[in-house]
Structures are given as structure tokens and as C-alpha cells.
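K.L.:
In order, the protein sequences belong to chains R and W. Position 87 (the first sequence) corresponds to 87 in the working numbering; numbering is contiguous. Position 44 (the second sequence) corresponds to 490 in the working numbering; numbering is contiguous. Glycine included, C-beta positions come from ideal geometry on N, C-alpha and C. Just so we're clear, the structure is a prediction, and the values are computed from it rather than from any experiment.
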Amino acid sequence: MSLRSKHRTALVATVATVALALTGCSSGSSASGPADVDPDGDIVPREISWLLSRPADGGVITAMQQIADEYAESHEGFSLNLITTPDRPSYLQKYETLAAANKLPELFDTDATPFAQKLADSDRMIDVGALLDDLNLTDTYRDAALNYQRFPDGSLYMVPFEYSSEYFWYNTEMFDEAGIEIPETLDDFPAMCEALREQGVTPIALNGQDRWPLERYMAFYPFREAGPEYVQNLATGNASFSDPAGQHAAQWLYDLGQAGCFQKGFSSTGYADAQALFTSGKAAVYNVGTWELSNLATDALDEGVRDDVDFFTLPTIDGAVTADDEFVTTSGIGMAINAKTYDPLVRGFIEFALTRYPEIYASSGALAPTKTPEVTIPDNATDLYTKAVDQAENVGEKIAVPWDTQLDPTTNTRLQQELTLLVQGESTPEQFIATMDKTLSENLDG
Amino acid sequence: MLPRRSTLSVVVFLVPPLLLYGIAVLLPIVQSLVLSFFKWDGISDMRFVGLDNYVKMLTRDDVFWTAFGNALGYLVICLVLQLGGALIVASLLTALPRARELVKTIYLLPAVISTVAIALLFQRLYSFEPVGLINQLLSVIGLEQLQTAWLSNVDTVLAAVSIPEGWRFTGLYMLIVYAALMAVPKELEEAARLDGASWWQVFWRIRFPFIRPVWITTTIMATTYALRGFDIPYLLTGGGPGQASELLTTYMYKTAFAHTDYGYASAISVFIVVECLIAVGLIFLLLRRRDNA
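Next up, the structure:
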């Protein structure tokens with residue numbers, strides 16, 4: 001290659017690089033200033049899309065489809081395109097990639113994560129708090145349902161569509177055979193597991209493949225010892241894993257692993273397999289939310305265990321700062337509204353949908369995020385159904401927030417990975433804490 | 447030398463695919479290179495950080511090195527299964543008097559099954575609770591002590607995610623190697639045998655030199671595919687437990703699409719490109735040199 005052509009190649013490469021860098025730079029934030037929740041103009045019906053992460057045949061989608069059909073009757077040309085990806089990790093990748101490309105549809109699901117906070121901060125989401133106030137709907141929602149959707153600064157950008165509490169479901173007969181009572185404190189868990197292991201049953205069924213279920217266990221001890229603020233402080237760098245709450249949590253999980261609490265190979269057990277371990281009478285305890293009521297508290301449950309199933313709520317610890325009736329109560333993934341595509345039609349449909357939704361949703365036997373109406377208990381329900389619903393209706397103020405919605409994604413992934421190793425006994429609590437604190441500080445600046 | 451008109455037509459026919467290649471392959475690589483000097487989450491403004499992503503990758507990130515080590519392990523297992531397996535099966539096939547087509551088809555079948563189906567299949571095979579086929583077989587032959595949750599055990603998981611990938615393409619490479627072996631002149635082999643050459647000598651002195659060009663191509667294909675391996679490990683374990691089956695590719699994917707750290711993910715992808723180029727260079731060097739010797 002001659003000198004001149006070398007120079008020319010270098011020039012072309014430089015120009016291309018600079019052009020790429022410039023186009024890359026300009027695709028950052030685009031919207032300016034928060035959008036008006038009550039935009040002027042007429043409603044012009046068209047198709048709107050909702051990118052969501054919920055079961056395709058679940059209550060939310062069924063109810064919303066019905067509502068969209070009703071709305072279309074009075075607004076010809078309107079339709080709601082529901083694009084669901086129930087698998088959460090796949091959904092998040094889709095949503096985050098679309099957000100980066102600035103191609104999100106009118107409505108999309110998200111938790112109150114640091115990523116969503118960035119979208120809100122760059123005015124790409126509608127202020128749902130202001131919208132609900134404007135529609136006079138704020139007071140109709142359960143406080144816990146709205147609080148779960150709020151960002152740490154208290155702002156609200158997501159609409160809840162569900163409401164559920166998470167309990168430890170257990171097999172009473174297995175507990176009787178092992179001669180044990182339900183654990184009074186979290187510290188009783190290892191002994192409970194050992195007693196159940198002696199009977200030859202798997203103490204706790206765990207869906208390790210989806211990773212969040214094990215992360216729930218990480219949240220329990222710190223919630224009792226230091227309250228819900230601990231994880232928020234972790235996320236902002238004002239707390240560390242080496243704080244007492246973090247240390248005790250790591251030690252507790254290590255002890256659970258050493259006591260053989262979870263089934264062997266739990267890290268590759270999926271949701272359905274883990275639940276089947278419990279419902280087929282092979283495992284004694286299973287931690288899951290009331291969204292599974294139709295499988296755990298109706299005649300859909302295997303006859304062999306149907307009369308032996310009961311539940312207990314998150315046990316306390318000595319010196320707990322949170323009350324017994326405070327535990328994991330969530331309103332599920334929330335729905336955000338894209339500010340870029342917000343117009344009178346979107347507002348009109350949301351107003352119609354949120355007004356109609358509670359009645360239709362509650363009639364399916366599920367708990368609505370609103371205070372009324374009451375749940376319609378299905379005909380095939382067992383007594384446990386009512387008990388579980390009553391319990392969910394009476395929860396305390398503080399929520400044990402799932403950690404995966406609080407931590408930055410990199411720290412969160414590492415935590416999920418390290419938790420598996422900790423419980424499997426591949427690492428010690430000290431190693432776990434050192435690794436996690438290093439990861440946390442590396443990723444604090446976002 | 448081609449006549450002038452046909453040189454022109456060659457250029458006319460070659461330029462569009464070349465442009466397409468440039469846009470589809472080279473441009474994204476250059477784009478990744480540029481992006482790797484920035485910190486960008488997809489929403490906020492891009493921030494120029496110079497070489498920090500590379501410094502982080504090479505000095506501060508232990509997951510990266512674990513993933514790199516795992517990727518090499520994955521490569522070795524895949525190559526042994528794919529190339530070794532292909533050579534053995536193809537050699538045996540040449541000695542098979544009949545039903546060659548049937549055997550070839552059976553060996554090729556896994557290559558046409560969808561990856562997701564293969565992942566589901568192996569998930570069931572490896573399962574411990576409920577008991578999968580492998581653990582059942584171990585129990586039948588009285589080796590209960592060897593039963594384990596293959597995908598949850600940090601000592602077995604890397605091999606467990608590599609084997610499906612190796613198994614899957616053995617048939618494909620077998621076909622290529624078999625075709626090359628069939629082209630080896632029979633007279634040469636017969637002459638060598640008459641001179642008293644052993645089976646090994648026939649293979650090493652006659653057959654292998656003949657198939658070497660094909661062997662170089664298959665080695666390059668298998669190596670670059672294995673270095674880019676992603677789908678089966680990702681579907682089976684997602685890199686877990688811990689980082690025991692994390693490969694550079696799965697780590698890069700997570701960094702980009704789960705952690706939304708596009709700059710750092712680009713730095714890892716640049717590393718993967720360089721790694722593939724070095725691997726191809728090494729293969730050429732090693733196999734060529736032996737050729738000249």
C-alpha cells in the first residue's frame with residue numbers, strides 16, 4: 001500500500017469513526033420537560049400497544065382485553081395490542097433495548113428499578129401520581145399497592161394491576177411427622193430443615209432457575225433486622241453488605257444451605273418443577289405469592305396434599321424492627337406510560353380502563369390493587385383461599401421490597417450468582433460479603 | 447488474465463456483496479470499537495471514558511477472567527468432540543461396507559434440530575430432581591454415588607453445557623471430513639499397504655496429508671463457532687451456578703442487555719473479535735508450518 005493510499009484510508013476511517021461517535025451521542029435524551037397529564041385535543045382512535053410481562057392467559061390480560069373491546073365499541077378504530085413476554089429476564093432485555101432505541105410503545109411494564117428511574121428523570125414517562133390525582137383515582141388504591149410502585153424518592157410513575165402477599169406454604173402432615181411446629185423466628189429455619197431432612201423429604205422447594213426466588217430469602221433477614229431502608233441504602237451506597245444486617249443475612253443463607261434446606265440441584269430447577277415438588281408432596285415448604293391461589297387453594301391442587309396445606313407468614317427475629325404483619329406484599333410489575341406517545345386517546349383509554357378494571361379483575365378471584373371491590377372467592381376454592389385473602393387484606397405498613405427492583409442491574413446479577421454459590425457451600429459468608437461489596441462499589445456511579 | 451469486459455463484470459458482481467458485508471459485519475465492529483470508549487446506559491448521554499472499559503476488563507473484573515477461562519474450556523471440549531468425533535466416525539464410516547447413508551443421516555440429525563429443543567432435551571437428561579436419564583442410568587448400573595445435579599454442580603456444569611454443543615455438530619464435521627477422506631486415492635493406500643505400512647502409517651502419512659486443507663477449514667469453523675458459542679449454555683444455565691458456566695459471549699450479552707452497560711459490553715465484544723482473529727492466525731500457523739516441514 002502506498003503512503004498516499006495509507007493516508008487516505010486513515011482519513012476515511014477517522015471520518016467514519018467521528019461520524020459514528022456523533023450520531024451515537026445525539027441519540028441520548030430527547031424529551032424536554034414533564035408532559036401534561038391532561039393534553040388538549042380530541043380523541044382520535046387508533047391502535048395502541050402495551051409491551052408487558054404477564055402470563056398470556058392470566059387475569060390482567062383477560063380483563064384488559066375485555067376492557068379494550070368495550071372501549072372500542074364506543075371508539076371505532078381503537079384497539080389494544082398486547083405484546084407479552086412472560087419470561088421476566090427476556091422481557092427486561094426487550095424493554096431496555098427498546099428504551100435505548102427510543103422505540104417504546106404507548107404503554108410498557110416496568111418495576112421501580114434504577115433503570116426506570118433514569119427514564120422518569122429524562123421525562124420519558126408520564127407522572128402517574130399526577131395522572132391518578134387528576135382522574136380522582138388515587139384514593140381508590142391500596143396504599144401498599146401504590147407504595148410498592150414508587151421510586152425511593154416517593155414519586156410514582158407506574159400503575160399497579162395486581163396485589164399479592166407472599167407466604168410460606170407448608171405441608172402440615174410432614175411437619176407433624178417430623179415433630180416440628182412452624183418456625184417462630186428465622187433462626188429456627190435450619191433446625192426445621194434438618195428435622196424434615198431426617199424424614200427423607202425436601203424441606204423447601206426452590207425455583208433457582210429464575211434467580212429472584214432465592215434473592216427473596218436474602219431480603220428476609222435484613223428486613224426484620226434493619227427494615228426496608230437497608231436495601232435502599234445499599235443501592236445508594238449508604239450501606240454495605242458488611243453491615244450487621246448483611247452479615248447476618250449471608251450467615252443465615254449459608255446455614256440454610258448447610259442444613260440442606262433446598263432440593264439438590266435447585267439452581268437449575270424451574271418455576272413449574274419447584275411448585276410441583278410441593279404440590280406432589282415431595283417438599284414440605286414453598287414460598288410463593290397469592291397469585292398462585294388458584295393452584296394452591298382450590299380443587300386444582302392434588303388430592304393427596306389438598307387437606308394438608310396451610311401457610312405461615314415471614315417469621316420474625318429477636319429484636320426485629322418490623323412487625324409480624326409486615327412482609328413481602330407487592331403489586332406486581334407496574335405499567336408505565338410513554339410520554340412521547342401520550343395524547344388524549346391514551347389518557348381517555350387509561351381513564352376508562354382504570355375505572356372498569358377493579359370490578360372485572362376481582363371477579364376472577366384475584367386481589368385487585370384497589371380497596372374495593374372484594375374478591376370473588378371461586379366456587380372450587382378450599383378454606384385456605386379465604387384465609388389467604390384475609391391475611392393479604394390486613395398487612396402492616398412496611399413492605400419487604402424485592403431486592404431485584406432496588407439494586408443496579410450489575411450488582412443484582414452478581415448477587416443472584418453469588419447467592420447460589422453461598423447456599424451451595426461453594427463460598428463462605430466472608431467471601432460472599434467481600435465480593436458483593438467490591439461489586440457494589442464498582443457499580444455505584446451507575 | 448481475464449478479458450477486460452469480464453473483469454468489469456466480476457467487479458460489478460463482487461462489489462454489492464462486498465458493500466453488504468461491510469455494512470453488516472465491518473461497520474458494527476467499528477461501531478463497537480467506538481462505543482467501547484464510552485460509558486452509556488442507553489438512556490443518559492454517552493460519556494467518553496477513554497480506555498477505562500478496557501482497564502476495568504483486564505484488571506478489575508474477575509468475572510471477565512472467569513468467563514475467559516470457561517470459554518477456553520468450552521472450546522477444548524467442543525473441539526475434541528466435534529473434530530475428534532468427526533474424524534473417528536468418518537474413518538469408521540469409510541470402512542463400513544453398507545448402510546453408510548443411514549448412519550450419516552442419523553449422525554447429522556442433531557444439527558438440524560432447533561437449539562431450544564436441544565437445550566430442553568439436555569435439561570431433562572441432566573436433571574436430578576425429578577431424576578433425569580443420566581442419573582437413572584447411573585443408578586441402574588450401580589453407580590449411585592456418581593449421581594449429581596449436573597447443571598448445578600460447579601465442577602460438572604462447564605462440561606455439561608459444552609457437550610450438547612459438541613454433540614450437535616459432530617455429524618456436520620463428520621460429513622465434511624468423510625467427503626475429504628473419500629477423495630484420498632485408493633491406489634496410494636493400497637501401494638503403501640503392499641509395502642507393509644501399518645494402519646497408523648497409512649492414516650498419518652497418506653490420508654491426513656490429503657485431507658489437511660479440509661482439516662484446516664473445519665478446525666477454523668469449529669474454533670470460531672465454539673468461541674462464539676452462546677445459545678445452549680445461555681439456555682441451560684444462564685452462566686450459573688455462580689459464574690461456573692459463564693462464557694465471554696453470555697457475559698457480554700448480559701452486560702449489554704441486562705446491565706445496560708453498552709460501552710463495557712462493546713469492549714468485551716472487541717476482545718472476542720480479537721480473540722477469534724488470534725485463534726484463526728494460530729491455527730494457520732500451526733497447521734501450515736507442519737505442511738512445510
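Whose Cβ in chain R lies nearer than 8 Å to the Cβ of residue 597 of chain W?
P.N.:
Within the second sequence, residue 597 of chain W is the residue found at index 151, counting from 1. What residue 597 of chain W touches in chain R: 265, 267, 268.
K.L.:
Check whether the segment 507 to 515 of chain W and the segment 689 to 696 of chain W touch, using three or more Cβ-Cβ pairs below 8 Å as the test.
P.N.:
yes
K.L.:
State yes or no: is the beta carbon of residue 408 of chain R nearer than 9 Å to at least one beta carbon in chain W?
P.N.:
As a working mapping, residue 408 of chain R is identified with position 408 in the first sequence. So, interface residue.
K.L.:
Give the residues of chain R in contact with residue 600 of chain W, contact being defined as C-beta atoms less than 7 Å apart.
P.N.:
Numbered from 1 along the second sequence, position 154 holds the residue referred to as residue 600 of chain W. Near residue 600 of chain W (Cβ distances below 7 Å), the residues of chain R are 426.
K.L.:
Determine the burial state of residue 688 of chain W: buried for a count of at least 16 other Cβ atoms within 10 Å of its Cβ, exposed for fewer.
P.N.:
Walking along the second sequence from the start, residue 688 of chain W turns up at place 242. By the neighbour-count rule (16 or more Cβ atoms within 10 Å), residue 688 of chain W is buried.
K.L.:
If you reduce the DSSP assignment to three classes, tell me which class residue 125 of chain R lands in.
P.N.:
The residue you call residue 125 of chain R lines up with position 125 of the first sequence. Strand at residue 125 of chain R.
K.L.:
Going by Cα to Cα distance, which pick from R/224, R/293, R/344 is closest to residue 391 of chain R?
P.N.:
Counted from its first residue, the first sequence places residue 391 of chain R at position 391. The shortest Cα separation from residue 391 of chain R among R/224, R/293, R/344 belongs to R/293.
K.L.:
Are residue 607 of chain W and residue 678 of chain W close, meaning C-beta to C-beta below 9 Å?
P.N.:
The sequence position of residue 607 of chain W within the second sequence is 161, counting from 1. The sequence position of residue 678 of chain W within the second sequence is 232, counting from 1. Yes, they are a contact pair.
K.L.:
Closest to residue 530 of chain W by CA distance: which of W/661, W/734, W/696 is it?
P.N.:
What you label residue 530 of chain W is simply residue 84 of the second sequence in a count that begins at 1. Here the closest residue by C-alpha is W/661.
K.L.:
Take residue 344 of chain R and list the residues in its own chain whose beta-carbon comes closer than 8 Å to its own, dropping the five residues that flank it on each side.
P.N.:
For the purposes of this step, residue 344 of chain R is identified with residue 344 of the first sequence, where counting begins at 1. Only residues of its own chain outside the window of five on either side were considered, and among them 39, 40, 41, 42, 43, 44 have a CB closer than 8 Å to the CB of residue 344 of chain R, listed in chain order.
K.L.:
Counting Cβ pairs, one atom from each stretch, are 3 or more of them under 8 Å apart for the segment 357 to 368 of chain R and the segment 172 to 191 of chain R?
P.N.:
no
K.L.:
Measure the CB-CB distance between residue 722 of chain W and residue 615 of chain W and report whether it falls below 9 Å.
P.N.:
What you label residue 722 of chain W is simply residue 276 of the second sequence in a count that begins at 1. What you label residue 615 of chain W is simply residue 169 of the second sequence in a count that begins at 1. No.
K.L.:
Which value, in whole angstroms, describes the spacing of the CA atoms of residue 371 of chain R and residue 279 of chain R?
P.N.:
Translated into positions along the first sequence, residue 371 of chain R becomes position 371. Translated into positions along the first sequence, residue 279 of chain R becomes position 279. Going from the Cα of residue 371 of chain R to the Cα of residue 279 of chain R covers about 31 Å.
K.L.:
Could you name the residues of the same chain whose beta carbon sits closer than 7 Å to that of residue 413 of chain R, not counting the 5 residues immediately before and after it, in chain order?
P.N.:
In the first sequence, residue 413 of chain R corresponds to position 413, counting from 1. Here the set comprises nothing.
K.L.:
Quick test of the definition: if touching needs 3 or more C-beta pairs under 8 Å, does the segment 201 to 217 of chain R touch the segment 267 to 277 of chain R?
P.N.:
yes
K.L.:
Should residue 140 of chain R and residue 318 of chain R be called a contact, given that it needs their Cβ atoms to be closer than 9 Å?
P.N.:
Working through the first sequence from its first residue, we reach residue 140 of chain R at position 140. Working through the first sequence from its first residue, we reach residue 318 of chain R at position 318. Between residue 140 of chain R and residue 318 of chain R, the C-beta gap is not smaller than 9 Å, which leaves the two residues out of contact.
K.L.:
Quick one: give me the first and last residue of the beta strand (DSSP E) that residue 47 of chain R is part of.
P.N.:
As a working mapping, residue 47 of chain R is identified with position 47 in the first sequence. Residues 47 to 52.
K.L.:
State the Cα-Cα distance for the pair residue 251 of chain R and residue 549 of chain W, rounded to the nearest angstrom.
P.N.:
Counted from its first residue, the first sequence places residue 251 of chain R at position 251. Counted from its first residue, the second sequence places residue 549 of chain W at position 103. Whole-angstrom Cα-Cα distance: 55 Å.
K.L.:
Taking the alpha helix (DSSP H) that residue 169 of chain R falls in, what are its first and last residues?
P.N.:
Along the first sequence, one-based indexing puts residue 169 of chain R at 169. Residue 169 of chain R -> not in any alpha helix (DSSP H); beta strand (DSSP E) instead, spanning 164 to 171.
K.L.:
Where do the ends of the beta strand (DSSP E) carrying residue 311 of chain R lie?
P.N.:
Reading the first sequence from its first residue, position 311 is the one you call residue 311 of chain R. Unbroken beta strand (DSSP E) run through residue 311 of chain R: 309 to 312.
K.L.:
DSSP three-state call for residue 559 of chain W: helix, strand or coil?
P.N.:
Working through the second sequence from its first residue, we reach residue 559 of chain W at position 113. Coil.
K.L.:
With 16 other CB atoms within 10 Å as the buried threshold, where does residue 432 of chain R fall?
P.N.:
Sequence index remark: in the first sequence, residue 432 of chain R carries index 432 (1-based). Answer is buried; the Cβ neighbour count reaches 16.
K.L.:
List, in order along the chain, the chain W residues whose C-beta lies closer than 8 Å to that of residue 89 of chain R?
P.N.:
Here residue 89 of chain R corresponds to residue number 89 of the first sequence, with the count starting at 1. The answer, in chain order, is 684, 704.
K.L.:
Since residue 96 of chain R meets chain W, which of its residues come closer than 7 Å, beta carbon to beta carbon?
P.N.:
To locate residue 96 of chain R, count along the first sequence from 1; it is residue 96. In chain order: 488, 703, 706.
K.L.:
Just to confirm my understanding: we take residue 624 of chain W, look at its own chain, exclude 5 residues before and 5 after, and list those with CB closer than 6 Å. What are they?
P.N.:
Locating residue 624 of chain W in the second sequence gives position 178, where the first residue counts as 1. Counting only Cβ-Cβ distances below 6 Å, and skipping sequence neighbours, we find 536, 539.
K.L.:
According to DSSP, is residue 325 of chain R helix, strand or coil?
P.N.:
Residue numbering aside, residue 325 of chain R sits at position 325 when the first sequence is read from its first letter. The answer is coil: DSSP assigns residue 325 of chain R none of H, G, I, E or B.
K.L.:
Grouping DSSP H, G and I as helix and E and B as strand, with all else coil, what is residue 79 of chain R?
P.N.:
On the first sequence, position 79 is the one that residue 79 of chain R refers to. Three-state DSSP puts residue 79 of chain R in a strand.
K.L.:
Measure the Cβ-Cβ separation of residue 686 of chain W and residue 420 of chain R and say whether it is below 9 Å.
P.N.:
As a position in the second sequence, residue 686 of chain W is number 240, starting the count at 1. As a position in the first sequence, residue 420 of chain R is number 420, starting the count at 1. Cβ distance < 9 Å, so residue 686 of chain W and residue 420 of chain R count as in contact.
K.L.:
Per DSSP, which one or two residues make a beta bridge with residue 115 of chain R?
P.N.:
In the first sequence, the residue the question calls residue 115 of chain R occupies position 115. None; residue 115 of chain R has no bridge partner.
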